[in-house]
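Q:
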Amino acid sequence: MSIANLQEAVKNDNKNAYEKYVATTTESVGACTLRGQLEIVLSSGPTVDLSEVEPAAEIVKRFATGAMSFGSISIEAHQTLAVAMNRLGE
């Protein structure tokens, strides 16, 4: 039913069908995947002062994607990683 709702939403620009698609897909992910079984619990504990957080420019220096081969990930993943690394200036 989920795909039928998506097709209806796209074909006829039907917002209600899209909302049904989102609801059924969300329900399916919740029931069928590990991440759907997890719940994010926000801690009200101590926070880290921003001055103690390493700047993003320093963190991205440690990003490396060159060792990944086409055998380990898809061409689409490679392309996405290339775009991301180019945007980071790496």
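Residue numbering for the sequence shown follows the working numbering, starting at 37 and increasing by one per position. C-beta: ideal position from N, C-alpha, C; glycine also.
1. Thinking C-beta only, is S38 closer than 9 Å to Y57?
2. Write down the C-beta distance between L117 and T101 rounded to the nearest angstrom, noting that I regard them as a contact closer than 8 Å.
3. Where does G152 sit, in a helix, a strand or coil, going by DSSP?
4. Considering just the uninterrupted stretch of the alpha helix (DSSP H) at M37, what are its terminal residues?
5. With N41 and T60 assumed to form a contact (beta carbons below 8 Å), what rounded beta-carbon distance in angstroms separates them?
A: Quick answer:
1. yes
2. 5 Å
3. Nothing about residue 152 can be reported from this structure: the residues present for the chain run from 37 to 126 only.
4. Counting along the chain, M37 falls outside any alpha helix (DSSP H), and DSSP gives it neither H nor E.
5. 6 Å
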